[in-house]
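Chemist: Numbering (our numbering), first residue to last: 462 to 775.
Where a beta carbon is used, it is the ideal one built from N, C-alpha and C, also for glycine.
Quantities reported herein were computed from a predicted structural model and do not represent experimental measurements.
Okay, handing you the structure first.
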Ligand SMILES: [Cu+2]
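What follows is the structure, given as structure tokens:
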């Protein structure tokens with residue numbers, strides 16, 4: 462079944478695949494068996510061969526058999542499922558921790574040193590514990606190649622998954638819980654690297670690179686791409702879940718504040734508030750509660766860069 466030379470993508474592949482194959486095997490056995498019996502009965506008990514039907518009234522022996530046999534079979538399936546699942550519930554103490562933020566509609570990953578990325582980078586052969594934080598609604602983190610999937614429940618404590626990536630490569634990662642219009646945008650990759658490569662990657666903090674190379678405008682745009690603003694806001698005037706950013710700077714917008722409708726001019730203060738407290742002023746014609754606060758997710762510098770970028774969106 463498994464060739465030992467091929468390293469599996471994670472430490473959980475074997476356990477999950479065994480449970481899957483056992484269940485598939487049992488199902489297949491019954492599919493073939495029942496179909497064969499049905500076909501045989503059509504032949505053996507048709508009207509020509511068996512003109513008078515035999516009436517059978519109860520059979521304790523049969524009833525015991527068809528209770529005990531399925532019970533044993535379900536317990537076998539349960540046993541293999543349990544074997545595969547149990548180690549997933551116990552993360553090793555020395556695991557590297559990464560916090561995964563899920564929100565409508567993107568994932569972002571925060572490492573122990575504060576670095577953030579929109580792709581999950583991991584070192585090979587080191588246990589990693591992903592702390593899962595859902596910022597708005599239910600999401601589910603799924604990495605098929607690693608055979609791991611875990612619901613991300615808002616406000617749930619100790620919401621995590623762990624595993625050991627065992628093979629260098631790029632693997633798909635996505636949200637497996639329908640979480641609204643652009644659910645399919647919640648799609649990213651896990652990049653597993655040799656430990657040395659990972660260490661130099663992680664030491665290089667985005668902030669330093671950004672300050673050195675990129676202008677505030679370019680940085681602002683990149684921050685917005687990484688954190689997923691464009692899932693809801695277009696640049697070309699198209700109305701998505703949120704208003705378009707086209708020509709936003711200095712424009713006069715009608716917003717609903719509490720019960721009162723008023724006009725505001727888009728300035729620094731307004732943009733900052735829209736990001737940190739989006740539901741204070743709700744743009745007329747849009748729904749409250751869809752955009753959740755980025756407080757703690759974006760720094761003052763990020764906001765300043767975003768503002769610089771938004772000034773340029775004409
Ligand atoms: Cu989702």
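(1) Quick check on the DSSP output: the alpha helix (DSSP H) that includes residue 771 runs from which residue to which?
(2) Less than 8 Å separating the Cβ of residue 647 from some heavy atom of ligand 2?
(3) Taking only runs of the alpha helix (DSSP H) that begin and end inside the stretch 714 to 752, which ones reach a length of at least 4 residues, in chain order?
(4) Ordered along the chain, which non-local residues of its own chain (more than five positions away) have a Cβ less than 8 Å from that of residue 693?
(5) Using the Cβ count rule (16 or more neighbours within 10 Å means buried), how would you classify residue 510?
(6) What separation, rounded to the nearest whole angstrom, lies between the Cα atoms of residue 603 and residue 610?
(7) Going straight from the alpha carbon of residue 719 to that of residue 731, what length do you get?
(8) What would DSSP say about residue 557, mapped onto helix, strand or coil?
(9) Figure out for me which residue from 590, 621, 729 and 588 has the closest Cα to the Cα of residue 601.
(10) What residue from 575, 558, 521 and 536 has the CA that sits closest to residue 757's CA?
(11) If you follow the beta strand (DSSP E) that residue 515 is in, where does it begin and where does it stop?
(12) So what does DSSP say about residue 586, is it helix, strand or coil?
(13) Go through its chain and collect everything with a Cβ distance to residue 648's Cβ below 8 Å, but skip five positions before and after it.
(14) What does the alpha-carbon distance come out to for the pair residue 606 and residue 727?
(15) Give the range of the beta strand (DSSP E) segment to which residue 652 is assigned.
(16) Output needed for residue 552: all residues of its chain with C-beta closer than 6 Å, excluding positions within five of it in sequence on either side, in chain order.
(17) Taking C-beta to C-beta, are residue 655 and residue 724 nearer than 9 Å?
(18) Closest by CA to residue 661, which one among 582, 506 and 595?
(19) Which residues bound the alpha helix (DSSP H) around residue 687?
(20) For residue 710 versus residue 772, is the C-beta distance shorter than 9 Å?
(21) Following the continuous beta strand (DSSP E) through residue 633, name the residue where it begins and the one where it ends.
(22) For residue 535, does the three-state DSSP call read helix, strand or coil?
(23) Within 10 Å of its beta-carbon, does residue 562 have 16 or more other beta-carbons around it, so buried, or fewer, so exposed?
(24) Please report how far the alpha carbon of residue 476 lies from the alpha carbon of residue 534, in whole angstroms.
(25) In whole angstroms, give me the CA-to-CA distance for residue 777 and residue 770.
Modeler: Reading it off the structure:
(1) In the chain shown, the residue the question calls residue 771 occupies position 310. Run containing residue 771: 761 to 772, per the alpha helix (DSSP H) assignment.
(2) What this structure holds is ligand 1, not ligand 2.
(3) Entirely contained in the stretch 714 to 752, the alpha helix (DSSP H) runs reaching 4 residues are, in chain order, 729 to 737.
(4) Here the question's residue 693 lines up with position 232 in the chain shown. If we look at residue 693 and ignore the five residues flanking it on each side, its Cβ neighbours are 565, 566, 643, 701, 702, 703, 751 and 752.
(5) Reading the chain shown from its first residue, position 49 is the one you call residue 510. Under this definition residue 510 is an exposed residue.
(6) Counting from one through the chain shown, the residue named residue 603 turns up at place 142. Counting from one through the chain shown, the residue named residue 610 turns up at place 149. Spanning the two alpha carbons is a distance of roughly 4 Å.
(7) As a working note, residue 719 is residue 258 in the chain shown. As a working note, residue 731 is residue 270 in the chain shown. For residue 719 and residue 731, the distance between alpha carbons rounds to 16 Å.
(8) In the chain shown, the residue the question calls residue 557 occupies position 96. Correct three-state label for residue 557: strand.
(9) Looking up residue 601 in the chain shown gives position 140. Measuring from the Cα of residue 601, the nearest candidate turns out to be 621.
(10) Reading the chain shown from its first residue, position 296 is the one you call residue 757. The shortest C-alpha separation from residue 757 is found at 575.
(11) Indexing the chain shown from 1 puts residue 515 at position 54. Segment: none, residue 515 is in no beta strand (DSSP E) and carries neither H nor E.
(12) Locating residue 586 in the chain shown gives position 125, where the first residue counts as 1. Note: residue 586 maps to coil in three-state DSSP.
(13) Against the chain shown, residue 648 aligns to sequence position 187. So the qualifying residues of the chain are 633, 634, 635 and 636.
(14) As a working note, residue 606 is residue 145 in the chain shown. As a working note, residue 727 is residue 266 in the chain shown. So the alpha carbons of these two residues sit roughly 46 Å apart.
(15) Locating residue 652 in the chain shown gives position 191, counting from the first residue. 648 to 654 is the extent of the beta strand (DSSP E) around residue 652.
(16) Taking the first residue of the chain shown as position 1, residue 552 is located at position 91. If we look at residue 552 and ignore the five residues flanking it on each side, its Cβ neighbours are 590 and 623.
(17) For this step, residue 655 is matched to residue 194 along the chain shown. For this step, residue 724 is matched to residue 263 along the chain shown. Not in contact: residue 655 and residue 724 (Cβ atoms no closer than 9 Å).
(18) Here the question's residue 661 lines up with position 200 in the chain shown. When each option's Cα is compared against that of residue 661, the closest is 582.
(19) By 1-based counting over the chain shown, the position of residue 687 is 226. From DSSP, the alpha helix (DSSP H) with residue 687 extends over 677 to 688.
(20) Here residue 710 corresponds to residue number 249 of the chain shown, with the count starting at 1. Here residue 772 corresponds to residue number 311 of the chain shown, with the count starting at 1. In contact: residue 710 and residue 772 (Cβ atoms closer than 9 Å).
(21) Here the question's residue 633 lines up with position 172 in the chain shown. Run containing residue 633: 630 to 636, per the beta strand (DSSP E) assignment.
(22) Locating residue 535 in the chain shown gives position 74, where the first residue counts as 1. In the structure shown, residue 535 sits in a helix (DSSP, three-state: H, G or I).
(23) Counted from its first residue, the chain shown places residue 562 at position 101. So residue 562 counts as buried.
(24) Along the chain shown, read from residue 1 onward, the residue named residue 476 stands at position 15. Along the chain shown, read from residue 1 onward, the residue named residue 534 stands at position 73. Going by the C-alpha atoms only, they are around 18 Å apart.
(25) Given that the chain is displayed from residue 462 to residue 775, the structure contains no residue 777 and the question cannot be resolved.
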